[in-house]
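For what it's worth, the numbering used here labels the leading residue of the sequence shown as 1, then goes sequentially. For each residue, glycine too, the CB sits at the ideal point set by N, CA and C. Fair warning: this is a prediction, and the values are worked out from it, not measured in the lab.
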Amino acid sequence: MRLQKYLALAGVASRRASEELIKKGQVKVNNRVITTLGIKINPEVDVVKVDDTPVLYKEKKVYLLLNKPKGYITSVNDPHNRPTVMDLIPGIKERLYPVGRLDLDTEGLLLLTNDGQLAYRITHPKYKIDKKYLVKTVGIPSPEKIKSLEKGVLLTEGKTSPARVRIIKVESSRRWAWVEIIIHEGRKRQVRRMFELVGNPVTRLERIQLSFLTLEGLKTGQYRHLTLEEIRLLKRELGILG
Ligand code: URA
Numbered sequence: 001m002r003l004q005k006y007l008a009l010a011g012v013a014s015r016r017a018s019e020e021l022i023k024k025g026q027v028k029v030n031n032r033v034i035t036t037l038g039i040k041i042n043p044e045v046d047v048v049k050v051d052d053t054p055v056l057y058k059e060k061k062v063y064l065l066l067n068k069p070k071g072y073i074t075s076v077n078d079p080h081n082r083p084t085v086m087d088l089i090p091g092i093k094e095r096l097y098p099v100g101r102l103d104l105d106t107e108g109l110l111l112l113t114n115d116g117q118l119a120y121r122i123t124h125p126k127y128k129i130d131k132k133y134l135v136k137t138v139g140i141p142s143p144e145k146i147k148s149l150e151k152g153v154l155l156t157e158g159k160t161s162p163a164r165v166r167i168i169k170v171e172s173s174r175r176w177a178w179v180e181i182i183i184h185e186g187r188k189r190q191v192r193r194m195f196e197l198v199g200n201p202v203t204r205l206e207r208i209q210l211s212f213l214t215l216e217g218l219k220t221g222q223y224r225h226l227t228l229e230e231i232r233l234l235k236r237e238l239g240i241l242g
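Given below as structure tokens:
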């Protein structure tokens with residue numbers, strides 16, 4: 001967030017007057033005087049002072065659960081002007097960021113938040129948050145292939161961590177299967193690459209669960225706020241206090 005916007009939001013002065021304060025050398029960020037306009041700060045980590053008095057402003061934390069349709073980029077903006085997931089949450093004034101990424105052609109559960117700590121922990125494999133996907137595959141993965149997907153397969157950047165995989169349904173033609181996979185990681189196009197590697201490419205991919213959160217009650221393209229109880233439970237699972 002731009003420094004002058006931060007000062008204005010914190011009620012120090014109007015945006016214009018905040019710019020003047022910066023130009024006059026009255027504003028410090030992390031104990032360094034800033035006199036140029038336009039620098040960006042992170043309200044979660046940077047310490048801003050005006051005339052050596054700390055400015056405290058905490059943006060309200062917002063947690064949204066979106067049922068992402070295909071055809072939307074998981075990004076805050078797109079240089080090619082394609083639709084982004086942000087287009088699906090009009091009217092939310094806080095600056096939110098997607099937690100992890102779903103490919104353009106992947107559907108399903110996507111969290112958006114301005115809580116950096118929570119977002120970081122959900123995406124970091126160390127916190128072992130279950131991400132459950134429903135996958136439509138070409139052909140039916142054999143029991144050996146299921147086992148190797150579970151144990152870990154070698155992608156270009158290294159072996160995948162243990163996963164849980166099970167076949168949910170086989171199409172009567174036996175040309176496709178619906179498979180469920182639960183992983184903790186979130187490497188680029190991970191699920192697609194894992195199934196490709198064992199010879200059963202993915203033709204449809206949907207994230208259906210993240211930890212205990214599901215898409216229940218959300219049609220594709222819809223979103224809702226997490227409840228206070230859901231936020232509390234999620235934070236507890238992630239070891240975040242308060
Ligand atoms: N794995 C993928 O391959 N794509 C996604 O969008 C999510 C997980």
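With a threshold of 7 Å, the Cβ atom of residue 133 counts as near the ligand URA, since some heavy atom of the ligand is closer than that.
Listed in chain order, the non-local C-beta contacts of residue 30 below 8 Å within the same chain comprise 46 and 47, local neighbours out to five positions each way being set aside. Counted as a single uninterrupted DSSP element, the stretch harbouring residue 191 is not any beta strand (DSSP E) but the alpha helix (DSSP H) occupying residues 190 to 197. When only Cα atoms are considered, residue 240 and residue 118 end up about 8 Å apart. Within 7 Å of the C-beta of residue 87 there is not a single heavy atom belonging to the ligand URA.
In the structure shown, the three-state DSSP call for residue 63 is strand. Selection 4, 61, 71 and 17 evaluated against residue 226 yields 61 as nearest (Cα-Cα).
Beta-bridge pairing by DSSP links residue 117 to no other residue. Taking a cut-off of 6 Å from the heavy atoms of the ligand URA, the residues with a C-beta inside it are 102, 103, 106, 189, 190, 191, 192 and 205. The alpha-carbon of residue 175 is positioned some 25 Å away from that of residue 69. Counting every other CB atom within 10 Å of its CB across the protein chains shown gives residue 18 a total of 16 or more, marking it as buried. Note that the C-beta distance between residue 187 and residue 205 is not below 8 Å. Excluding its 5 nearest sequence neighbours in each direction, residue 219 has C-beta neighbours in its own chain below 7 Å: 67, listed in chain order.
For residue 150 and residue 135, the gap between their C-alpha atoms comes out near 15 Å. For residue 228, the number of other beta carbons within 10 angstroms of its own is below 16, and it is reported as exposed. The region 208 to 224 and the region 113 to 133 touch, with three or more beta-carbon pairs separated by less than 8 Å. Residue 24 counts as exposed, since fewer than 16 other C-beta atoms from the protein chains shown sit within 10 angstroms of its C-beta. In the DSSP secondary-structure assignment, residue 214 is bridged to 209. Counting the other Cβ atoms within 10 Å of the Cβ of residue 99 gives 16 or more, which makes it buried. Each of 83, 113 and 82 was checked against the Cα of residue 94, and the nearest Cα belongs to 113.
Per DSSP, the continuous beta strand (DSSP E) segment holding residue 133 begins and ends at 131 to 138.
Rounded to the nearest whole angstrom, the C-alpha separation of residue 21 and residue 36 is 11 Å.
Counted as a single uninterrupted DSSP element, the beta strand (DSSP E) harbouring residue 177 occupies residues 176 to 183. Of 49, 168, 164 and 194, the smallest CA-CA separation from residue 183 is found for 164.
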